[in-house]
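Residue numbers for the sequence shown follow the working numbering, beginning at 6 and rising by one.
Accompanying notes for the structure given below.
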Amino acid sequence: MKFNKETNSIIKGSEKVGCLTCGEPTEYIEVCSESHFCSTECVDKFYEEYSKHLESMCECHEV
6 MKFNKETNSI IKGSEKVGCL TCGEPTEYIE VCSESHFCST ECVDKFYEEY
56 SKHLESMCEC HEV
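Below is the structure:
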(Lines of atoms letter the chains of each structure in order from A and count residues from 1; the text may use other names and numbers.)
(Lines give C-alpha, C1' and ligand atoms only; values in the text may rest on other atoms or scores of the structure.)
Protein backbone atom coordinates (compact mmCIF):
# COMPACT_ATOMS: atom_id res chain seq x y z
CA MET A 1 0.00 0.00 0.00
CA LYS A 2 1.49 3.27 -1.15
CA PHE A 3 -0.27 6.62 -0.88
CA ASN A 4 0.75 10.13 -1.75
CA LYS A 5 -0.03 11.87 1.55
CA GLU A 6 -0.02 15.28 -0.16
CA THR A 7 -2.78 14.48 -2.66
CA ASN A 8 -4.85 11.75 -0.98
CA SER A 9 -6.99 12.09 2.15
CA ILE A 10 -6.67 8.59 3.57
CA ILE A 11 -7.72 7.16 6.92
CA LYS A 12 -7.11 3.67 8.29
CA GLY A 13 -10.28 1.69 8.91
CA SER A 14 -10.86 -1.14 11.36
CA GLU A 15 -11.38 -3.96 8.85
CA LYS A 16 -9.94 -5.10 5.54
CA VAL A 17 -12.21 -4.68 2.54
CA GLY A 18 -11.47 -5.15 -1.16
CA CYS A 19 -10.04 -2.12 -2.98
CA LEU A 20 -12.78 -0.51 -5.09
CA THR A 21 -10.49 -0.51 -8.14
CA CYS A 22 -8.52 -3.76 -8.02
CA GLY A 23 -10.04 -5.86 -5.22
CA GLU A 24 -6.83 -6.09 -3.14
CA PRO A 25 -7.73 -6.33 0.59
CA THR A 26 -7.02 -3.02 2.33
CA GLU A 27 -7.85 -1.18 5.55
CA TYR A 28 -7.45 2.26 3.98
CA ILE A 29 -10.39 4.52 3.13
CA GLU A 30 -10.24 7.57 0.87
CA VAL A 31 -12.21 10.28 2.68
CA CYS A 32 -13.93 12.03 -0.27
CA SER A 33 -15.43 8.90 -1.82
CA GLU A 34 -15.67 6.94 1.46
CA SER A 35 -14.29 3.95 -0.48
CA HIS A 36 -11.50 1.49 0.23
CA PHE A 37 -8.36 1.81 -1.92
CA CYS A 38 -4.96 0.09 -1.70
CA SER A 39 -2.80 2.75 -3.42
CA THR A 40 -2.66 6.21 -4.96
CA GLU A 41 -2.72 4.56 -8.40
CA CYS A 42 -6.06 2.91 -7.62
CA VAL A 43 -7.51 6.18 -6.28
CA ASP A 44 -6.36 8.01 -9.42
CA LYS A 45 -7.75 5.30 -11.71
CA PHE A 46 -11.12 5.46 -9.93
CA TYR A 47 -11.42 9.24 -10.32
CA GLU A 48 -10.25 9.08 -13.96
CA GLU A 49 -12.95 6.53 -14.80
CA TYR A 50 -15.54 8.49 -12.79
CA SER A 51 -14.65 11.68 -14.69
CA LYS A 52 -14.99 9.89 -18.05
CA HIS A 53 -18.37 8.55 -16.98
CA LEU A 54 -19.61 12.02 -16.02
CA GLU A 55 -18.37 13.48 -19.31
CA SER A 56 -20.17 10.78 -21.28
CA MET A 57 -23.39 11.46 -19.37
CA CYS A 58 -23.15 15.17 -20.18
CA GLU A 59 -22.63 14.41 -23.88
CA CYS A 60 -25.78 12.28 -23.90
CA HIS A 61 -27.90 15.14 -22.56
CA GLU A 62 -26.63 17.99 -24.76
CA VAL A 63 -29.29 19.76 -26.82
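No residue lacks a Cβ here, since even glycine has one placed at the ideal position from N, Cα and C.
Remember, it's a predicted structure, so these values are computed and weren't measured experimentally.
Item	Value
Please determine, among M62, V48 and L59, the residue with the shortest C-alpha to C-alpha distance to T26.	V48
Look at the alpha carbon of F8 and the alpha carbon of M62, and state the distance between them as a whole number of angstroms.	30 Å
Let's see if you can read the secondary structure: which residues bound the beta strand (DSSP E) around G28?	No beta strand (DSSP E) holds G28; DSSP gives it neither H nor E.
With DSSP as the reference, please indicate the residues paired to Y33 in a beta bridge.	K17
What is the DSSP secondary structure of S38, reduced to helix, strand or coil?	coil
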